[in-house]
Amino acid sequence: MEVVGAKKSSIFSLHKTAKINAIYIPKLDKIFKLYYQKEGFFDVNISHKIDKKGIHFFIKENKYVKVYSIKVKSDLYIDDLIELNKGTRFRAQLFSDTKKAIKKRLLEKGYCNYDLNTKAYIDLEKYRAYIVIKLKKGKICHFGKIDIKGSGNIDKKVIISRLKFEQGERFNIDKIKESYTALYSLEAFDQIYIKEKKENNIQKIQREYKNLSRLKSFDKIYKDFGDKRSSNIIPIDVRYKAIKNQSHSRVGVGYATDLRFHTKYHWEYKNFYGNARKLMFDVFYSSKQRSIENNFFNPAFIVLWDYHLDLQNSAGYSEERDIHDFDEKVAYDKFYLIHEGQRWVNNFGFGVENRVISNDRSYFLIYPFMKLVYDLRDSKINPTKGLYFSHEMEYGLPYSPDSTIYIKYIDELRLIYTLWGVTLSGVGRMGAIEVYQNKLPQSKKFFAGGAFSNRAYGYDRIGIVTSNDTTLSDEGGYSMANLSLEANFLIYKNLKLGIFNDNTMISSQQGIPKISNNIISSAGFGFRYMTPIGPFKIDFGFNIHKYSENAIHFQIGQSF
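Residue numbers (the working numbering): 22 to 581.
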């Protein structure tokens with residue numbers, strides 16, 4: 022019914038009928054015929070009649086056109102992009118999709134001055150389609166001069182820090198897409214526009230700039246760079262409009278297995294005093310955990326040649342009780358510098374904490390820290406393939422005789438691969454602590470359990486593991502290893518079924534962890550509903566040696 026513009030009735034309506042605008046009625050047969058011809062039925066017979074019950078269509082498809090031959094002459098491998106197959110029904114949409122896919126590959130490989138000729142010859146007497154594709158990829162193209170202009174108080178250095186390409190680099194359409202994503206992630210713009218600069222078409226550019234949509238589809242990006250040109254150098258226009266509605270706040274109430282009912286408040290001020298700075302304020306409250314935190318973010322705070330560093334400061338206070346066998350109050354302040362490249366994210370900084378632990382003393386810790394991330398996943402929100410690696414380290418400084426001197430590190434590796442529609446994922450984490458002077462607070466040690474760890478247990482319920490069944494300690498460990506494996510099967514549209522296995526080892530041994538038989542293993546299943554902000558998950562996990570040890574977890578976001 023969508024073919025002729027008919028609108029279906031609401032799912033709540035008692036009368037399941039579709040409605041159509043009366044002006045379309047005289048053209049219905051022609052509209053249907055064009056649709057069927059695009060689907061390969063060139064001899065289709067269509068008629069309709071109208072009575073009191075509505076419009077009735079009579080369609081006889083007859084013989085369809087088959088793809089008889091596909092001839093390809095190309096100096097770039099494109100065979101895997103051809104969606105039509107010999108002997109199958111000819112469909113115009115598949116022919117068009119093939120042409121788009123070829124252009125996409127050319128632009129991804131850096132070929133912008135290609136010569137592409139695609140033809141579909143239809144023999145209506147023999148019901149045959151002859152497909153001919155001729156391609157000459159041409160020479161490699163490069164990015165030219167980058168011109169940045171816009172409305173709003175944002176320096177060019179901020180824009181440049183998020184562009185994933187430079188003048189003189191080999192052209193790649195993916196770098197344009199990544200630049201859009203990086204710029205919009207600053208949440209400081211109402212509109213972003215990245216397009217090839219054409220000196221003889223300035224008025225058209227200005228007109229399109231005024232009519233920009235909030236987000237630019239990737240199909241439109243390919244179209245922007247798909248025109249034939251006389252040069253292999255592509256100058257780039259970057260245009261922007263700074264955000265007008267800068268202040269945002271939200272309040273939420275939720276339930277988590279570990280924290281029970283809780284409420285959150287978030288406030289942020291985007292483009293705070295210009296240059297895409299952001300000021301944020303968060304409050305969290307539950308019966309077991311309370312926190313208040315202030316964050317300030319300043320992109321491109323330091324720029325050395327082509328290398329930029331963002332600044333972030335996080336200061337706050339938190340309380341925790343009835344989660345471990347100790348209660349804790351923490352006041353903290355962290356300064357760190359961040360550099361985000363195409364695949365690498367590096368951050369390093371300085372932290373100060375005052376931890377007050379029940380049945381113990383207070384700990385004042387000063388430590389530098391760093392984190393390296395290498396991300397090759399195809400998506401950060403809903404990945405289907407790729408690799409992710411991170412390394413974290415912090416070092417307790419000896420500022421006085423009472424200070425705790427320690428080193429702590431955590432390494433994590435994630436692997437994702439999709440085969441035959443099934444997404445297979447694995448994440449491994451290993452961590453170690455060495456204490457050189459005085460005592461380390463319990464909360465700095467390793468615990469496990471929760472939605473991102475061993476799903477048979479609540480948050481941080483697993484301490485030192487002394488056997489392979491359920492013998493757990495309330496003490497945190499000095500070394501840790503965790504391996505989670507998961508398979509997700511598509512059930513219907515955005516709904517998936519997941520099965521998983523989690524394995525956890527926590528030891529009192531300091532230094533590099535040695536794998537032993539003292540491992541808590543769990544299994545389980547759950548459902549994932551995929552959304553634009555990540556999957557909404559519900560998981561049920563149980564200890565494979567003692568089924569009564571189990572937990573249910575609700576989660577929004579990606580574990581892999």
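By construction, the Cβ of each residue, glycine as well, lies at the ideal position given by its N, Cα and C atoms.
| query | result |
| --- | --- |
| Minimum C-alpha distance to GLU341 - residue among ASN292, LEU102 and ILE313 | ILE313 |
| Length of the line joining the Cα atoms of TYR427 and ASN375 | 16 Å |
| Burial state of PHE320, where buried means 16 or more other Cβ atoms lie within 10 Å | The question names Phe, but residue 320 is Pro in the sequence shown. Label assigned to PRO320: buried. |
| Where the beta strand (DSSP E) containing GLN458 begins and where it ends | 443-458 |
| Under 8 Å between C-beta atoms of ALA508 and LEU418 | no |
| Start and end residues, alpha helix (DSSP H) containing VAL179 | 177-183 |
| Local Cβ density within 10 Å of SER234, reported as buried at 16 or more and exposed below that | Annotation note: pLDDT 44 at SER234 (below 50); position unreliable, coordinate value reported separately. Flag for SER234 reads exposed. |
| Backbone secondary structure at ASP50 - three-state DSSP | helix |
| Identity of the residue in LYS218, ARG183, TYR409 and LYS219 nearest TYR205 by Cα | ARG183 |
| Beta-carbon proximity of ASP297 to ILE175, cut-off 8 Å | Per the sequence presented here, residue 297 reads as Ala, with Asp not at that position. Yes. |
| ILE536, DSSP secondary structure in three states | coil |
| Residues bridged to GLN333 [DSSP beta-bridge criterion] | PHE318 and TYR357 |
| Rounded distance between the beta-carbons of PHE557 and TYR550, thought under 8 Å | 5 Å |
| Pair within 8 Å by beta-carbon distance, LYS84 and GLY108 | no |
| ARG298 - DSSP class collapsed to helix/strand/coil | coil |
| Cα-Cα separation, ILE123 to ILE99 | 7 Å |
| Proximity below 8 Å, CB of LYS350 to CB of VAL373 | no |
| Where the beta strand (DSSP E) containing THR439 begins and where it ends | 426-440 |
| Through-space distance from GLU190 to PHE563, alpha-carbon basis | 52 Å |
| When ASP50, THR525 and SER464 are compared against SER543, the one with the closest alpha-carbon | THR525 |
| Burial state of ILE223, where buried means 16 or more other Cβ atoms lie within 10 Å | Low per-residue confidence applies at ILE223: pLDDT is 46, beneath 50, and the placement is therefore not dependable, though the value from the model is reported in the following sentence. By the neighbour-count rule (16 or more Cβ atoms within 10 Å), ILE223 is not buried but exposed. |
| Cα-Cα separation, ASN459 to SER424 | 7 Å |
| Distance CB(ASP303)-CB(HIS287) smaller than 8 Å | yes |
| Straight-line Cα distance separating PHE318 from LYS466 | 29 Å |
| The alpha helix (DSSP H) enclosing SER200, as first and last residue numbers | 194-206 |
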